[in-house]
Structure formats: C-alpha cells, structure tokens
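In the numbering used here, the protein residues as written are 20 to 152. Ideal placement from N, C-alpha and C gives every residue a C-beta, glycine not left out. Values in this document were obtained by computation on a predicted structure and should not be read as measured data.
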Amino acid sequence: MGNLFIKRAHLKEILTKVRESKVEICGFLVGTIKGKDVFVEKVVFASNRLNSPVGFEIDPLETLKVLEAAEREGKEIVGIFHSHVKCPPYPSSRDLKGMDLWRNVWLIVNNLGEYRAFILEEDKIKEVKVEVV
C-alpha cells in the first residue's frame with residue numbers, strides 16, 4: 020500500500036465533527052486509487068447506528084447509496100473513516116473485524132486532533148502514511 024492523500028479541508032471537516040460529537044463519527048472516503056496510492060476526493064459522513072462512544076455501525080442501505088453515487092461519478096469507496104473518543108487513533112479489536120470485511124484504508128481520528136490510517140493486509144495491521152495536501 021502506498022500513501023493516503025487527503026485534502027486539508029476534508030481532514031479539517033472530519034476533525035471538527037469529532038470535536039463536536041460525544042459518539043464515534045463515521046463515514047466513507049470516496050476517490051480513486053492510482054497504483055498503490057489512495058486519493059480522497061470526497062468525504063461522506065454516515066450515521067452511526069450504534070450512537071455509541073465506543074463503536075460504530077453504518078446502515079447497509081446508506082453504504083449502498085454512497086457506493087452507487089461514487090460509481091456514477093467514476094469513483095469508488097477508497098476508505099472508511101471513524102473516530103475514537105478519548106482514545107488513541109489505532110484500530111481496536113472491533114475495528115479489526117470491520118477491517119477484515121472492508122479491506123481498504125481505515126482513517127482513524129480522535130478528539131485531540133490526532134489521525135492515522137491503517138489497512139489490514141495478510142491479516143496484519145499496516146500503517147498507511149497520510150499525506151495532507
């Protein structure tokens with residue numbers, strides 16, 4: 020896996036929502052993959068069905084709508100983002116289950132403004148360098 024390229028405005032939007040929320044926020048990173056690099060062109064927030072500070076779940080119908088919209092635009096879901104409330108931005112055991120299903124980049128942020136990206140490859144967590152552009 021190469022790097023995750025995300026616009027400063029998109030990252031700022033995510034971090035702002037995190038600071039305003041008492042529950043985990045979540046959503047999709049939509050864009051393109053060129054070679055090994057992931058380019059985020061749009062951030063789509065989703066509802067957290069769990070409404071929980073320690074977990075998130077996105078409605079499958081909401082996922083389908085984002086997927087279809089991305090495909091109409093010639094894009095794809097290139098990643099998942101979510102927050103950890105008062106915890107470091109590192110995959111939890113619950114995250115690992117989701118990462119096993121969604122084998123793309125996971126951007127994890129927290130309310131302290133920290134962020135890191137990961138991917139599950141060959142059943143190992145690998146950090147992906149985040150390039151803010």
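Residue i classed as buried or exposed, judged by whether at least 16 other C-beta atoms fall within 10 angstroms
i: N70; result: exposed
i: D119; result: exposed
i: S102; result: buried
i: P107; result: exposed
i: G50; result: buried
i: G54; result: exposed
i: L30; result: buried
Beta carbon of residue i nearer than 8 angstroms to that of residue j
i: V149; j: I44; result: no
i: A65; j: F47; result: yes
i: V124; j: V42; result: no
i: E32; j: V62; result: yes
i: E160; j: N67; result: Given that the chain is displayed from residue 20 to residue 152, the structure contains no residue 160 and the question cannot be resolved.
Those residues which DSSP pairs with residue i across a bridge
i: A136; result: L126 and V147
Residue i versus residue j - alpha carbon distance
i: E87; j: K36; result: 25 angstroms
i: P72; j: P79; result: 20 angstroms
i: I116; j: V152; result: Note that residue 116 is Lys in the sequence shown here, rather than Ile. Their Cα atoms are separated by approximately 30 angstroms.
i: I138; j: R122; result: 7 angstroms
i: G21; j: V147; result: 7 angstroms
i: Y109; j: I127; result: 7 angstroms
Extent of the continuous alpha helix (DSSP H) run through residue i
i: I33; result: R27 to E39
i: E60; result: Element bounds for E60: not the alpha helix (DSSP H) but the beta strand (DSSP E), D56 to A65.
i: G117; result: S112 to L120
i: L48; result: No alpha helix (DSSP H) contains L48, which is instead part of the beta strand (DSSP E) from C45 to K53.
Extent of the continuous beta strand (DSSP E) to which residue i belongs
i: E95; result: E95 to H103
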